[in-house]
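J.:
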Amino acid sequence: MDSQDWNSAEIQKELRKRGLTMSGLSRRAGLATSTLRNTLLRPWPKGEWLIADALSKHPSEIWPSRYPAPSATQ
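Using UniProt numbering, the letters of the sequence shown correspond one by one to residues 1 to 74.
If you want it as structure tokens, here you go:
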């Protein structure tokens with residue numbers, strides 16, 4: 001099964017449903033208000049975990065391409 005990464009609009013929509021914003025999450029984590037937005041553009045594990053935690057998800061559910069499943073041969 002090929003899962004696609006959530007796009008930025010989906011992530012922001014899910015955050016808004018919970019009364020959250022990207023800038024609010026950034027501030028809560030002690031970051032500059034725009035810092036967490038970088039996670040939408042490029043891999044950044046700390047940011048991925050902050051967003052995923054706010055959405056009660058594992059980062060691999062939001063960004064499956066960034067967290068490839070272990071191969072069966074390993």
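The beta carbon of each residue, even a glycine, is placed where N, CA and C say it ideally should be.
Note that the structure is predicted; figures quoted are calculated from it, not measured.
Please determine if the stretch 61 to 73 and the stretch 5 to 13 are in contact, where contact requires at least 3 C-beta pairs separated by less than 8 Å.
T.: yes
J.: For ARG27 and LYS17, I'd like the C-alpha separation in whole angstroms.
T.: 19 Å
J.: Measuring only the C-alpha atoms, how far is LEU41 from ALA29?
T.: A direct Cα-Cα distance of roughly 19 Å separates LEU41 from ALA29.
J.: Report the rounded CA-to-CA distance for ALA69 versus HIS58, giving the unit in angstroms.
T.: Roughly 13 Å between the two C-alpha positions.
J.: Taking the alpha carbon of MET22 as the reference point, which residue from PRO45, PRO43, LEU50 has its own alpha carbon closest?
T.: LEU50
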